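So the sequence shown is numbered by full-length UniProt numbering: it starts at 1 and just counts up by one.
Where is the CB? At the ideal position from N, CA and C, for every residue including glycine.
Bear in mind the structure is a predicted one, so any value in this text is a computation, not a measurement.
These notes are about the structure you will find just below.
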Amino acid sequence: MSRRKTERLLNLVICLLATRRPLSAEQIRQAVPGYDRDGDEAFQRMFERDKNELREIGIPIDVVRDPWEDEPGYRIERESYELPEITLEPDEAAVLGLAAQVWQRASLAEAASGALLKLRAGGVATDQPVGTGALELRVDTRDPAFPALWDAVRDRRVVRFDYRSAGSETVRSRTVEPWGVVSRRGRWYLAGYDRDRDAPRAFRLSRITGQVSTVGRPGAVEVPEGVDLRAMVGFPDETTDERVAVVRVRQGACEGLRQLARAVHPGAGGWDEAELAFTDPERLAGWMASLGADVEVVEPPDAREAVIRRLKGALA
Numbered sequence: 001m002s003r004r005k006t007e008r009l010l011n012l013v014i015c016l017l018a019t020r021r022p023l024s025a026e027q028i029r030q031a032v033p034g035y036d037r038d039g040d041e042a043f044q045r046m047f048e049r050d051k052n053e054l055r056e057i058g059i060p061i062d063v064v065r066d067p068w069e070d071e072p073g074y075r076i077e078r079e080s081y082e083l084p085e086i087t088l089e090p091d092e093a094a095v096l097g098l099a100a101q102v103w104q105r106a107s108l109a110e111a112a113s114g115a116l117l118k119l120r121a122g123g124v125a126t127d128q129p130v131g132t133g134a135l136e137l138r139v140d141t142r143d144p145a146f147p148a149l150w151d152a153v154r155d156r157r158v159v160r161f162d163y164r165s166a167g168s169e170t171v172r173s174r175t176v177e178p179w180g181v182v183s184r185r186g187r188w189y190l191a192g193y194d195r196d197r198d199a200p201r202a203f204r205l206s207r208i209t210g211q212v213s214t215v216g217r218p219g220a221v222e223v224p225e226g227v228d229l230r231a232m233v234g235f236p237d238e239t240t241d242e243r244v245a246v247v248r249v250r251q252g253a254c255e256g257l258r259q260l261a262r263a264v265h266p267g268a269g270g271w272d273e274a275e276l277a278f279t280d281p282e283r284l285a286g287w288m289a290s291l292g293a294d295v296e297v298v299e300p301p302d303a304r305e306a307v308i309r310r311l312k313g314a315l316a
């Protein structure tokens, strides 16, 4: 929706909420910015579309026919428009606050923050811990493929992407009917039907390389009834054994990395050598690439190659 249309619809809602008596179409035409004040036919078409769109999203526009007037009047009754009082238990409010944090780095961040702000303005505390221990957020949305896959699941649209399997450097194209995006142990997965393998599969988002593209029209994907998305990512085809990476760190830099390292050995030429525990080369690569020229992954080879791919992608 264009910004101009959004402003016009918002102005129309405000106008119909604020009026004490029903307004005729002509009065609305003069009062609401954005309507054509010269062309009668163009105004009528636009006004009818606007009324229908507002009703489709749940905003009730009443039509009042006064026997003493030639034209009907329009208004929005506050009692029908306003939400009832929202009452949340402490644990419910805490879960809402936690859920909003999931989108902290995603495209939904602004909407989530706005929703929490409105709840707090209404006197609802959304950041209370539950029980004796505070809730801990263990997921993030740093994977570049997340927004596109989230939209595809919402629109029920087939996607295509390049994917690197666990323990392999081979990248293959996958065409998938997305059923859902699920988090497990701080990592995000796409669960769906793999058309190339002709079977349900789960794909780890950090292994997706390049852009995610859509195939076909929206609404083409049907999610099977009773499918358990969490079960699909319960045992992904990957190793979770902890490994150790050897990383050269510039002296006087990367204090946070040094604190998380298993060991840091003094080196020569202005560099130290750190040992870092990791399980996923791609997640390690994202962290190392963000530190720029202050680090260099020495081994293992798959982690080093993952960093090089990230840096080449940023350069391109």
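Just confirm the distance between the C-beta atoms of Leu9 and Ile76, as a whole number of angstroms; I'd bet it's less than 8 Å.
-> Going by Cβ atoms, the distance from Leu9 to Ile76 rounds to 12 Å, so no, they are not a contact pair.
Have a look at the DSSP bridge pairing and note the partners of Arg172.
-> Tyr163
Simplified DSSP state of Pro200, which is helix, strand or coil | strand
Beta-bridge partners of Ala245, as assigned by DSSP | Leu276
Taking just the CA atoms, how far does Glu282 sit from Pro200?
-> 24 Å
Taking the Cβ atom as the reference point for each residue, do Leu276 and Val307 lie within a distance shorter than 8 Å?
-> no
Ala263 classed as buried or exposed, judged by whether at least 16 other C-beta atoms fall within 10 angstroms = exposed
Beta carbon of Leu12, beta carbon of Asp50: below 8 Å?
-> yes
Enclosing alpha helix (DSSP H) for Ile14 [first to last residue] | 3-18
Pick out whichever of Val215, Gln44, Gly180 has its Cα sitting closest to the Cα of Phe203.
-> Gly180
For Ser183: DSSP bridge partner residues = Trp188
Could you give the DSSP three-state label for Pro178: helix, strand or coil?
-> strand
Beta carbon of Trp188, beta carbon of Phe146: below 8 Å?
-> yes
Looking only at C-alpha atoms, which of Asp280, Ala293, Val233, Gln251 sits nearest to Ser183?
-> Val233
May I ask you to list the residues that DSSP assigns as paired with Val264?
-> Ala274
Can we say the segment 209-225 touches the segment 149-163, given the rule of at least three CB pairs closer than 8 Å?
-> yes
Apart from the five residues on each side of it in sequence, which residues of its chain come closer than 8 Å, Cβ to Cβ, to Val171?
-> Asp162, Tyr163, Arg164, Thr209
Mark Ala274 as exposed unless 16 or more other C-beta atoms lie within 10 angstroms of its C-beta, in which case mark it buried.
-> buried
Can you give the Cα-Cα distance for Met46 and Cys15, rounded to whole angstroms?
-> 16 Å
Could you spell out the range, first to last residue, of the alpha helix (DSSP H) harbouring Gly286?
-> 281-290
If you run the structure through DSSP and keep just helix, strand and coil, what is Glu225?
-> coil
Note the first and the last residue of the continuous beta strand (DSSP E) segment covering Glu26.
-> Looking at the DSSP string, Glu26 is not in any beta strand (DSSP E); the run it does join, the alpha helix (DSSP H), is 25-31.
Take the Cβ of Ala191 as the centre, count every other Cβ of all protein chains shown within 10 Å, and call the residue buried at 16 or more, exposed below.
-> buried
With DSSP collapsed to three states, give me the class of Gly256.
-> helix
Hey, does Tyr163 have any beta-carbon neighbour from chain C nearer than 8 Å?
-> The chain inventory of the structure shown lacks chain C, comprising one protein chain alone.
What does Asp40 pair with, by DSSP beta-bridge criteria?
-> Beta-bridge pairing links Asp40 to no other residue.
Do Ala293 and Arg310 come within 8 Å of each other at the CB atom, strictly closer than that value?
-> no
Coil, strand or helix - Val153 by DSSP = helix
List the residues that DSSP assigns as beta-bridge partners of Tyr81.
-> In DSSP, Tyr81 forms no bridge with anything.
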